[in-house]
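**Q** This is the structure I have questions about; it appears just below.
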Amino acid sequence: MNTNPGGGEFGQQQAASSPIVPKTAAEALRPEAGTPPPRRSRASRSQVVVFMNFVISMVMLMILAAGAALYFGKQAFNEPGPSAAGDTFLVKPNTPVQDIAEQLERRELISDARIFRLGVRAYGNDSVLKPGEYEIKPRASMRDIMELLKSGKSVMYSLTIPEGLTVEQALQRVAQEDTLSGDMPKTVPPEGSLATDTLRFTRGYSRQQIVDKLLADQKKLVDEVWQRRAPDLPLANIDDFVTLASIVEKETGKGDERSRVAAVFLNRLAKGMRLQSDPTIIYGLFGGKGKPADRPIYQSDIDKQTPYNTYLINGLPPTPIANPGRAALEAVANPSKTDDLYFVADGTGGHVFASTLEEHNQNVARYRALQKKQADDAAKAGAKVEGQTDAPADAGDSGDAGGDAGAAQ
7 MNTNPGGGEF GQQQAASSPI VPKTAAEALR PEAGTPPPRR SRASRSQVVV FMNFVISMVM
67 LMILAAGAAL YFGKQAFNEP GPSAAGDTFL VKPNTPVQDI AEQLERRELI SDARIFRLGV
127 RAYGNDSVLK PGEYEIKPRA SMRDIMELLK SGKSVMYSLT IPEGLTVEQA LQRVAQEDTL
187 SGDMPKTVPP EGSLATDTLR FTRGYSRQQI VDKLLADQKK LVDEVWQRRA PDLPLANIDD
247 FVTLASIVEK ETGKGDERSR VAAVFLNRLA KGMRLQSDPT IIYGLFGGKG KPADRPIYQS
307 DIDKQTPYNT YLINGLPPTP IANPGRAALE AVANPSKTDD LYFVADGTGG HVFASTLEEH
367 NQNVARYRAL QKKQADDAAK AGAKVEGQTD APADAGDSGD AGGDAGAAQ
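For the record, in the sequence shown the residue sitting at position 316 is 322 according to this note's numbering, with numbers rising by one throughout.
Take a look at the structure:
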C-alpha cells in the first residue's frame, strides 16, 4: 500500500521538468550571467538630448575656464610690474585705452596689454583715464598704473619769470622751455605787462597759454594794488604807476628799501625834479635785450639823448622798462613817508638816502672814497682793465648815477 499518494508522480514530474545536465569542471567554475540592464528609452537616445548634454558640458568647461582666466588675470593685474626703474609716460588727449595699453607694453611698463585693457574695463575705468604725463614708479602693477592715470596727477613742470626781466627776456624763457608746445605769440606784449611768477604746468601746455596767463595775472595784480594806492600820489594814471614801479624794481633788489626808493622818485616827481635813474639810461640804449653784464655805464651814456634817459627828460619815460613784481608795485602804491630826494650806493649792496643836496654830496663823497679804495686794492692785487676808452660813471649802473647827477644840479 502506498502511504504517499502521488509522491512518485510528483518526483517524476520534477525530474521531468528539471533534467539534470552534467557540467564539466570548467563550466561549473564559470560565473553565471547576471540580470541584463534595462533597455534605454527612445527619449534618452534622442539627438536633441545628446546635443543638450554636449552644450551643458561645454558651458561648464567655459565657466571653469573663465573662472581660471579671471583668477589668473586678476593676479597678473595686481602683481608687481616688469619695470625695475620706472619711467615717465605721456597720455595724449583722446587716446583710447587699447592704444594706452599697447604703448605701456611696448615701453615694458606692463607685461600684457590685453590684461591691462580688460582690467581697466572690468573696473569701469575705460572712459575716465586722463591725459597727462605720469611718473610710473618701479615695479608698479597694472592696477597702480590704472589708478594713477585715473587720478590725473600728472608730472608738473615749472617756469620762473623773475622780477625785473623785460618782456623780451621773459618771452625768451618761454620760448626755450622745451616741455611747452606750440609757437610763440605773433604779437609781443607791451613792456611791463607780464607777471613775475613761477608757473606750474604739465607737458604739452602751449606757449600761448603761458603768455596769456602771465598777461592775465599781471593785469589782475596791477588793478588790485592800484585800487589800494595812497590818495596823494603824483601819478596821472595806472600806466604811470606801472612805469614807476618798473624803475623801482630795477633800482634795488632789497625788500626793505623799495618803499623808500619809491618815495624818492615820487618826491622828485612832485617837485618837478628829473628822476635821474640809471636803469632808464640802460633801457634807452639797449631796449628789451638788456645791457651786457660786462658793460658799465659810461659818462657819455648819461649825456646820450633817448626817450628813456631820465637825466635828460622830464617826468617818466614813455613806457615801463621791465616787468615789476608785487613788492615794487606795493612800494609805489604806498611809499614811505619821507622827505628823501637822493640816494646813492653804500658799497654793501644797499643805499644811503638824503633829503638835502649837501647831505647827499657827503654820501657821494664817501661812496667815491670807497670806490677808490677798492680800485687801489684791485690794482695792488694786479687787476687790470683793458680796452676801456670811456671812463665809467662814478656811481656804476645800480641806479646811483641818479644820485650823483643830483649833486651837480
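Even glycine gets a Cβ: it sits at the ideal position worked out from N, Cα and C. All values derive from a computational prediction rather than experimental measurement.
Rounded to a whole number of angstroms, what is the C-alpha to C-alpha distance between leucine 208 and tryptophan 232?
**A** The sequence position of residue 208 within the sequence shown is 202, counting from 1. The sequence position of residue 232 within the sequence shown is 226, counting from 1. In the sequence under discussion, the amino acid at residue 208 is threonine, which differs from the leucine named in the question. Rounded to whole angstroms, threonine 208 to tryptophan 232 spans 33 Å at the Cα level.
**Q** Assuming leucine 272 and proline 341 make a contact with CB atoms under 8 Å, what is their CB distance in whole Å?
**A** The residue given as residue 272 occupies position 266 in the sequence shown. The residue given as residue 341 occupies position 335 in the sequence shown. Contact flag correct, Cβ pair sits at about 5 Å.
**Q** Excluding the 5 residues flanking arginine 127 on each side, which residues of the same chain have their C-beta closer than 6 Å to its C-beta?
**A** Position 121 of the sequence shown, counting from 1, holds the residue named residue 127. Counting only Cβ-Cβ distances below 6 Å, and skipping sequence neighbours, we find nothing.
**Q** Hey, which unbroken runs of the alpha helix (DSSP H) at 4 residues or more fall wholly within the region 46-118?
**A** Counting only runs of 4 or more, we get 53-84 and 103-112.
**Q** Measuring only the C-alpha atoms, how far is alanine 119 from glycine 210?
**A** Counting from one through the sequence shown, the residue named residue 119 turns up at place 113. Counting from one through the sequence shown, the residue named residue 210 turns up at place 204. If you take the alpha carbons of alanine 119 and glycine 210, they lie about 25 Å apart.
**Q** Taking Cβ positions, are alanine 328 and glycine 170 nearer each other than 9 Å?
**A** Numbered from 1 along the sequence shown, position 322 holds the residue referred to as residue 328. Numbered from 1 along the sequence shown, position 164 holds the residue referred to as residue 170. Yes; because the gap between Cβ atoms is below 9 Å, this pair is in contact.
**Q** Quick check: the Cα distance between alanine 337 and leucine 155, rounded to an integer number of angstroms?
**A** Locating residue 337 in the sequence shown gives position 331, counting from the first residue. Locating residue 155 in the sequence shown gives position 149, counting from the first residue. Using only the alpha carbons, I get a separation of about 45 Å.
**Q** Could you please give the first and the last residue of the uninterrupted alpha helix (DSSP H) stretch that includes arginine 264?
**A** Position 258 of the sequence shown, counting from 1, holds the residue named residue 264. Residues 264-277.
**Q** Reducing DSSP to helix, strand and coil, say where valine 391 ends up.
**A** Working through the sequence shown from its first residue, we reach residue 391 at position 385. At valine 391, the pLDDT of 48 sits below 50, so the modelled position is not reliable; the number obtained from the coordinates is stated separately. Coil.
**Q** Compute the distance between the beta-carbons of valine 217 and valine 248, then report whether it is under 9 Å.
**A** Position 211 of the sequence shown, counted from the start, is the residue given in the question as residue 217. Position 242 of the sequence shown, counted from the start, is the residue given in the question as residue 248. No; because the gap between Cβ atoms is not below 9 Å, this pair is not in contact.
**Q** For lysine 159 and valine 180, what's the separation of their Cα atoms in angstroms?
**A** Mapped onto the sequence shown, residue 159 falls at position 153. Mapped onto the sequence shown, residue 180 falls at position 174. If you take the alpha carbons of lysine 159 and valine 180, they lie about 23 Å apart.
**Q** Counting along the chain, where does the beta strand (DSSP E) carrying arginine 206 start and finish?
**A** Along the sequence shown, one-based indexing puts residue 206 at 200. From DSSP, the beta strand (DSSP E) with arginine 206 extends over 204-207.
**Q** Under a three-way DSSP split, which group does valine 417 fall into?
**A** What is shown of the chain runs 7 to 415, which leaves residue 417 out entirely.
**Q** Could you please give me the residues that DSSP links to valine 370 through a beta bridge?
**A** To locate residue 370, count along the sequence shown from 1; it is residue 364. In DSSP, valine 370 forms no bridge with anything.
**Q** Leaving aside the five residues before and after lysine 225 along the sequence, list all residues of the same chain whose C-beta is less than 8 Å from its C-beta, in chain order.
**A** As a working mapping, residue 225 is identified with position 219 in the sequence shown. Ser199.
**Q** Buried or exposed for glycine 125, going by 16 or more other Cβ atoms inside 10 Å?
**A** In the sequence shown, residue 125 corresponds to position 119, counting from 1. Its Cβ being crowded by 16 or more others within 10 Å, glycine 125 is buried.
**Q** Taking the runs of the alpha helix (DSSP H) that are 4 residues or longer, which of them lie wholly in the region 298-362?
**A** DSSP runs (the alpha helix (DSSP H)) wholly in the region 298-362: 305-308 and 332-339.
**Q** Could you tell me the alpha carbon to alpha carbon distance between alanine 339 and leucine 239, rounded to whole angstroms?
**A** Taking the sequence shown and counting its residues from 1, one reaches residue 339 at position 333. Taking the sequence shown and counting its residues from 1, one reaches residue 239 at position 233. Approximately 8 Å, taken between the alpha carbons.
**Q** How long is the line joining the alpha carbons of phenylalanine 57 and methionine 64, rounded to whole angstroms?
**A** By one-based count along the sequence shown, residue 57 stands at place 51. By one-based count along the sequence shown, residue 64 stands at place 58. C-alpha separation (whole angstroms): 10 Å.
**Q** Name the two residues that bound the continuous beta strand (DSSP E) containing isoleucine 421.
**A** Past the boundaries of the shown model lies residue 421; the chain is included only from 7 to 415, so the question cannot be answered.
**Q** Buried or exposed: which applies to phenylalanine 60, given that a residue is buried once 16 or more other Cβ atoms fall within 10 Å of its Cβ?
**A** As a working note, residue 60 is residue 54 in the sequence shown. Result: exposed.
**Q** Check whether the region 135-143 touches the region 96-103, taking contact to mean three or more Cβ pairs, one atom from each stretch, closer than 8 Å.
**A** Short answer: they touch.
**Q** Tell me whether the beta-carbon of serine 252 lies closer than 9 Å to the beta-carbon of glutamate 174.
**A** Taking the sequence shown and counting its residues from 1, the one referred to as residue 252 is at position 246. Taking the sequence shown and counting its residues from 1, the one referred to as residue 174 is at position 168. Result no, Cβ atoms of serine 252 and glutamate 174 do not sit closer than 9 Å.
**Q** I believe glycine 114 touches serine 147 by the beta-carbon criterion, under 8 Å. Please report the beta-carbon distance rounded to the nearest angstrom.
**A** Within the sequence shown, the letter at position 108 stands for residue 114. Within the sequence shown, the letter at position 141 stands for residue 147. The question names glycine, yet the displayed sequence has glutamate at residue 114. Glutamate 114 to serine 147, Cβ: 14 Å. No contact.
**Q** Please report the distance separating the alpha-carbon of glutamine 178 from that of threonine 172.
**A** As a first step, residue 178 must be located in the sequence shown, where it is residue number 172. As a first step, residue 172 must be located in the sequence shown, where it is residue number 166. Taking the straight line from one Cα to the other gives about 10 Å.
**Q** Just to confirm the assignment, what range does the alpha helix (DSSP H) spanning leucine 258 have?
**A** The sequence position of residue 258 within the sequence shown is 252, counting from 1. Note on identity: in this sequence residue 258 is threonine, with leucine being the wrong assignment. Careful: threonine 258 lies outside any alpha helix (DSSP H) and carries neither H nor E.
**Q** So, helix, strand or coil for leucine 155, using DSSP?
**A** To locate residue 155, count along the sequence shown from 1; it is residue 149. If DSSP states are grouped into helix, strand and coil, leucine 155 belongs with the helices.
**Q** Starting from leucine 165, follow its DSSP beta bridges and name the residues at the other end.
**A** Start at 1 with the first residue of the sequence shown, and residue 165 comes out as number 159. Leucine 165 is bridged to Leu205.
**Q** Distance, Cα to Cα, tyrosine 314 vs lysine 295?
**A** As a working mapping, residue 314 is identified with position 308 in the sequence shown. As a working mapping, residue 295 is identified with position 289 in the sequence shown. Roughly 15 Å separates the two Cα atoms.
**Q** Within its chain, find whatever has a CB closer than 8 Å to the CB of aspartate 246; leave out the 5 residues flanking it on each side and keep chain order.
**A** As a first step, residue 246 is located in the sequence shown; it is residue number 240 there, counting from the start. Around aspartate 246: Leu322.
**Q** Alpha carbon to alpha carbon, how far is glycine 188 from glutamine 215?
**A** As a working mapping, residue 188 is identified with position 182 in the sequence shown. As a working mapping, residue 215 is identified with position 209 in the sequence shown. Rounded to whole angstroms, glycine 188 to glutamine 215 spans 10 Å at the Cα level.
**Q** Alpha carbon to alpha carbon, how far is valine 370 from glutamine 377?
**A** Taking the sequence shown and counting its residues from 1, one reaches residue 370 at position 364. Taking the sequence shown and counting its residues from 1, one reaches residue 377 at position 371. Cα to Cα, valine 370 sits roughly 10 Å from glutamine 377.
**Q** Is threonine 185 closer than 9 Å to proline 330 when the C-beta atoms are compared?
**A** Against the sequence shown, residue 330 aligns to sequence position 324. Against the sequence shown, residue 185 aligns to sequence position 179. Not closer than 9 Å, so no.
**Q** Excluding sequence positions up to five away, which residues of its chain have a Cβ less than 7 Å from the Cβ of leucine 221?
**A** Taking the sequence shown and counting its residues from 1, one reaches residue 221 at position 215. Around leucine 221: Pro195, Ser199 and Leu200.
**Q** Which residues does DSSP pair with serine 212 in a beta bridge?
**A** As a working note, residue 212 is residue 206 in the sequence shown. Paired residues: Ser187.
**Q** What first and last residue would you give for the alpha helix (DSSP H) that runs through arginine 179?
**A** One-based indexing of the sequence shown puts residue 179 at position 173. Note, arginine 179: alpha helix (DSSP H), 173-182.
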